[in-house]
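Report on one structure; see the data block that follows.
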Amino acid sequence: ALKEKLDYLKMSEREKREYDTFIDYARSAWGMIDNARREGKEEGKREGAHQKAREIALALKRQGLSPDE
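Residue numbers (the UniProt record's numbering): 1 to 69.
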């Protein structure tokens, strides 16, 4: 981290702007990826719960019971 800071200080103003723009873009991209991953996990959990409820309802139906009983 220290070497990176020293390298940054050695950059010209143009290089610093380009580097800062790149870092902002990279952070934004990683944020979007992290958010999509989180949303995917949440969706998977909901789908899993829905599937489990269907399995229980089918098992009850096979036993001659209704899910409301």
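Glycine residues also receive a C-beta, built at the ideal position from the N, C-alpha and C atoms.
If I follow the unbroken alpha helix (DSSP H) through G48, where does it start and stop? E13 to R62
By the DSSP assignment, the alpha helix (DSSP H) with D7 in it spans what residues? L2 to K10
### Query
If Y8 sits next to Y19, beta carbons under 8 angstroms apart, how far is it from one beta carbon to the other, in whole angstroms?
7 angstroms
Quick check: what's the CA-CA separation for M32 versus R46? 21 angstroms
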